[in-house]
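Report on the structure given below.
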Amino acid sequence: MGAVRIFMVALPLILAVCSIIAILFTALSGVSHDQLWLVQVDLTKLSINPADTYNGTNGQGHDPVKAKNNITAGDLGLSSVYEVNVWGYCYTKSDGHRHCTKARFDWASSSLDDYRTEEGLDSTASDKVTLPKEIKDSLNLFRNITKGAQVALITCLLALGVMLVVGVFGLFSATVSYLTSILACITVVLVCAAAGLVSAMAAIVMEAVETDARVYGVAGNTGTRFLAISWIGVVLVIAVAVIWLVKACCSKSRRRHENRATFHAARSDKAASLP
1235 MGAVRIFMVA
1245 LPLILAVCSI
1255 IAILFTALSG
1265 VSHDQLWLVQ
1275 VDLTKLSINP
1285 ADTYNGTNGQ
1295 GHDPVKAKNN
1305 ITAGDLGLSS
1315 VYEVNVWGYC
1325 YTKSDGHRHC
1335 TKARFDWASS
1345 SLDDYRTEEG
1355 LDSTASDKVT
1365 LPKEIKDSLN
1375 LFRNITKGAQ
1385 VALITCLLAL
1395 GVMLVVGVFG
1405 LFSATVSYLT
1415 SILACITVVL
1425 VCAAAGLVSA
1435 MAAIVMEAVE
1445 TDARVYGVAG
1455 NTGTRFLAIS
1465 WIGVVLVIAV
1475 AVIWLVKACC
1485 SKSRRRHENR
1495 ATFHAARSDK
1505 AASLP
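The numbering of the sequence shown is my numbering, which starts it at 1235 and goes up by one.
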């Protein structure tokens, strides 16, 4: 019974540590390691008909009369494959070498500026290729969601750390135990928000690829491992919150019962002492 009791007391702390590890592993993707990517965009087969980029009114784009071949990723100065995470991205060039950008806060704002401008992208033909409005809108939304996801990840990691520390002290104090259960509920909301925003990042990119870019030969893949680890962290935090809430409620009920028993015992002793 002693071992079981110790395990039950330590269980929420163990789950809290596991959730921190899961969230931290995904949050540090692109910072301390490049083992996970959130979404992968493959431009190897990118092929754009020059007629799709030419605007006869202002002369912008590739003149289909002058252009002989379709526009490729190399013509636009793009790499073959991009692997996006929360803090940056990795890219693989046509020679097969993989490179990763340095982790930065709000990296999407500066990295995507060239793709969101009205002037369009430069190509080897010295003409401009303007992206469709739908893709530009997706890039703008992706930029905002990415910044929000970064803030949410930092906030939820801080909340997880505070929850773990307070949870340790909660083992020795009923009052602190109540506070731990409240912090756990707040942490659940923050972790769910972070995981939701990260999932939204992947969804936005995949939506743009599937609906607008696929016709040009662009392919995309969702990082299922990245998302799975993120949501496993969410499940663990929810389990921690449920356990601490149950413990807090049981502790409050037990104290109420003990106080009532003490009160009745005192009344009985007082009645017995009367002549």
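Note that the Cβ used here is the ideal one computed from N, Cα and C, for glycine as well. Given the structure is predicted, the values throughout are model-derived calculations rather than measurements.
Quick check: what's the CA-CA separation for residue i versus residue j?
i: Leu1247; j: Cys1334; result: 35 Å
i: Gly1322; j: Ala1408; result: 44 Å
i: Phe1376; j: Ile1369; result: 10 Å
i: Ser1344; j: Lys1336; result: 13 Å
i: Arg1459; j: Gly1404; result: 34 Å
i: Leu1417; j: Tyr1325; result: 40 Å
i: Phe1241; j: Leu1249; result: 12 Å
i: Ser1464; j: Thr1260; result: 6 Å
i: Asn1378; j: Thr1445; result: 20 Å
i: Trp1522; j: Gly1430; result: Residue numbering for the chain in the displayed model covers 1235 to 1509; residue 1522 lies beyond these limits and cannot be assessed.
i: Lys1381; j: Pro1284; result: 34 Å
Below 8 Å between beta carbons: does that hold for residue i and residue j?
i: Ile1257; j: Leu1394; result: yes
i: Ala1428; j: Ala1386; result: yes
i: Ala1473; j: Met1435; result: no
i: Val1425; j: Val1468; result: yes
i: Val1315; j: Thr1278; result: yes
I need the DSSP call for residue i, collapsed to helix, strand or coil.
i: Asp1446; result: helix
i: Pro1246; result: helix
i: Ile1254; result: helix
i: Asp1276; result: strand
i: Asn1378; result: helix
i: Arg1459; result: helix
i: Val1510; result: What is shown of the chain runs 1235 to 1509, which leaves residue 1510 out entirely.
i: Val1320; result: coil
i: Gly1308; result: coil
i: Asp1297; result: Since pLDDT at Asp1297 reaches only 49, below the 50 mark, its modelled position is unreliable, and the value read off the structure follows with that caveat. Note: Asp1297 maps to coil in three-state DSSP.
i: Ala1386; result: helix
i: Thr1260; result: helix
Exercise. Are the segment 1248-1267 and the segment 1416-1436 in contact at 8 Å, needing three or more beta carbon pairs?
Worked result: yes
Exercise. Taking contact to mean at least 3 C-beta pairs separated by less than 8 Å, is the segment 1452-1459 in contact with the segment 1259-1279?
Worked result: yes
Problem set entry | 3 or more residues per run - each beta strand (DSSP E) lying fully within the segment 1393-1432 | none
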